[in-house]
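Take a look at the structure set out below.
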Amino acid sequence: MKPADFGDTAEVTNRYDNSIRTRRWTQGKLVDEGFPLSAVPEHLADPEALVWVDLWDPEHTALLELAEEWNLDPYAVEDSLAHGERTKATRYATHTFLTVYATHLFPDSEDEDQAHESRLRTTRISAFVLPRGIITVRRGTPFDIDEVVRRWDENADLLQYGPGALIHGLLDTVVDGQFETIQELDDAAEDLEDCLFEDGASTRQIQQRVYRLRKELVQLRRVVLPMREVVNAVLRTRAESHRHPELDSSYNDLYDHVMRAAEWTDSLREMVNTVFETNLSLQDARLNIVMKKLTGWAAIIAVPTAVTGWYGMNVPYPGVGEWWGLMSGVGIMVVSAIVLYVLFKRRDWL
1 MKPADFGDTA EVTNRYDNSI RTRRWTQGKL VDEGFPLSAV PEHLADPEAL VWVDLWDPEH
61 TALLELAEEW NLDPYAVEDS LAHGERTKAT RYATHTFLTV YATHLFPDSE DEDQAHESRL
121 RTTRISAFVL PRGIITVRRG TPFDIDEVVR RWDENADLLQ YGPGALIHGL LDTVVDGQFE
181 TIQELDDAAE DLEDCLFEDG ASTRQIQQRV YRLRKELVQL RRVVLPMREV VNAVLRTRAE
241 SHRHPELDSS YNDLYDHVMR AAEWTDSLRE MVNTVFETNL SLQDARLNIV MKKLTGWAAI
301 IAVPTAVTGW YGMNVPYPGV GEWWGLMSGV GIMVVSAIVL YVLFKRRDWL
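Numbered by UniProt numbering, the letters in the sequence shown go through residues 1 to 350 in order.
This is the structure we're talking about:
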C-alpha cells in the first residue's frame, strides 16, 4: 500500500504502517492501537473511548470516502488537502478543524548557487477535533509524530479529560519545534553580526546570508503569528463547552509559548533588518576609507610630480646644470612627501 493511497477501508483492516496510525484510550489508559479504519466509527460512538487516527499524505478521493463515513464536514476535508492553506481554526457543526505548520531547518548547502535558497521546511498538520477523539492529516516534509505520541504517554493522566489533552500535546509539540527553528535562526543572525566586523568578510557572502535569513523569517512569520488565533479558538471552544478546567493551566502555558514565539520572531526580523542596514552602512564607510586613502596618496604623489614638472621646464632655474640644483629638487620632493605622509597619518587618512 502506498502512503498516499488508502483505498477501501476494508482493504486496510489488517494493515498498519506509518501512513496510518490509530490509538484508543479508555479513562486515560491505552487499550488498543493499530486497529483498522473500519473500526473508527464504532470507537468514536463509544462514550468511554478517546480515539486518535493519523493519516499521512492521503489521496483526495480516499479521504473524502473516509470523511463521509466519519461525519466530517466536506469543506474542512477540502481545506486539509488544499495547497497553501493558511494557519487557522474553524468551527463546524460536528467538529472543530485546525490547520497548523510544524517547521524545521535543513543544513546549509555547500553549493554556492543555492546559498541564498531558504532552508526552512514546513509540514502541514490538519486536525479534526471530534467529541470523542481527533483525526490528524499530515502533508509535506516528514514530521516526527512519535514525539507527539511520547508526550501523550508521558502525560497519560491528562488523557482522561478527552480530546483537549490530545490537541494540547499536538500543538505543544508544534510550538516547541517552532521555538527550535527560531533559536537556530537567532544563532544564524548572531553569527552574521559577528561576520559584519571581520576584516576578511566577503561582502557577497554576507549579502546572500542576509537575504536568505530575511526570506526564512518571512516564511516563518506566516505560520507562527496565526498560532495565537488557533490557540485562542481552542480556548474559546473549551470555555463555551465548560469542559475539564484541569487542562486550563496547560493551555495557558501553551498560549504563553505561542506569544513568546510570535514576539521572538518579530524581534528577530527587526534584528535582521538592522543587520542589513548596518551592512550597507559599513560598505559606505569602507568605501569612504578607501577614497580617503587614495586621495592621501594622490596628494603625496602630486608633490614630486609638481617639482619634477617645474624643473623640467625649458627655462633656466636656480642650480641648473649644477649638482646642488639636482639635490635641492630631490630634497624638496622627499621632505614634502614625508611631511604630507606624517600629516595624513596623524589624521588617520592613511
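No residue lacks a Cβ here, since even glycine has one placed at the ideal position from N, Cα and C.
Residue i (DSSP reduced to helix, strand or coil)
i      : result
Ala82  : coil
Ile332 : helix
His104 : strand
Ala49  : strand
Arg119 : coil
Ala127 : strand
Ala93  : coil
Arg243 : coil
Asp248 : helix
Arg347 : coil
Thr99  : strand
Thr26  : strand
Thr308 : helix
Gly325 : helix
Arg238 : helix
Leu55  : strand
Asp73  : coil
Gly34  : coil
Thr136 : strand
Inter-residue spacing [alpha-carbon to alpha-carbon] between residue i and residue j
i           : j      : result
Lys2        : Asp54  : With a pLDDT of 37 at Lys2, under the threshold of 50, the modelled position of that residue is not reliable, and the figure given next carries that caveat. Between Lys2 and Asp54, the C-alpha separation is close to 15 Å.
Val223      : Thr122 : 9 Å
Asp248      : Leu225 : 22 Å
Ser80       : Ala102 : 15 Å
Leu120      : Arg139 : 15 Å
Glu65       : Val77  : 10 Å
Ile145      : Pro107 : 21 Å
Ile300      : Leu294 : 10 Å
Gln178      : Val149 : 18 Å
Phe344      : Asn288 : 15 Å
residue 360 : Trp264 : Outside the shown range of the chain (1 to 350) lies residue 360, about which nothing can therefore be said.
Val231      : Arg286 : 49 Å
Leu340      : Ser328 : 18 Å
Ala165      : Met227 : 17 Å
Asp348      : Thr203 : 24 Å
Ile20       : Ser38  : 12 Å
Asn252      : Met271 : 28 Å
Thr61       : Val137 : 14 Å
Leu159      : Gly84  : 32 Å
Thr274      : Ala298 : 36 Å
Asp220      : Asp187 : Checking the displayed sequence, the identity of residue 220 turns out to be Leu instead of Asp. Leu220 and Asp187: Cα-Cα distance of roughly 15 Å.
Tyr75       : Val31  : 32 Å
Ala262      : Asp284 : 34 Å
Asp153      : Glu190 : 37 Å
Thr305      : Glu198 : 37 Å
Arg346      : Gln208 : 37 Å
Thr26       : Leu130 : 16 Å
Distance between beta carbons of residue j and residue i, contact taken as under 8 Å
i           : j      : result
Lys215      : Ser126 : Not confirmed; about 25 Å, so no contact.
Ile206      : Leu192 : 7 Å
Ala233      : Ala89  : 4 Å
Ser267      : Val303 : Not confirmed; about 54 Å, so no contact.
Ile135      : Phe143 : No, Ile135 and Phe143 are not in contact; Cβ-Cβ is about 16 Å, not under 8 Å.
Glu68       : Pro41  : 11 Å between Cβ atoms; not a contact.
Arg132      : Thr237 : Between Thr237 and Arg132 the Cβ distance is about 15 Å, and since that is not below 8 Å, they are no contact.
residue 355 : Arg260 : Any question about residue 355 goes unanswered here, given that the chain covers just 1 to 350.
Pro318      : Gly309 : Rounded, the Cβ-Cβ distance is 16 Å, inconsistent with contact.
Met333      : Val307 : 5 Å
Test item: CB-CB of residue i and residue j under 8 Å
i           : j      : result
Tyr161      : His43  : no
residue 367 : His104 : The chain is shown from 1 up to 350; residue 367 falls before or after that span and cannot be answered.
Ala156      : Gly34  : no
Asn279      : Val210 : yes
Arg24       : Ala45  : no
Leu196      : Leu282 : yes
Trp56       : Thr22  : no
Residue-level contact to chain D via CB, residue i, 8 Å cutoff
i      : result
Arg132 : No chain D appears in this structure, which consists of one protein chain only.
| said: Is it the case that the stretch 170-185 contacts the stretch 96-109, given that we only count it when at least three CB pairs across the two stretches are under 8 Å? | reply: As far as the Cβ criterion goes, the stretch 96-109 touches the stretch 170-185, which means the pair count is three or higher.
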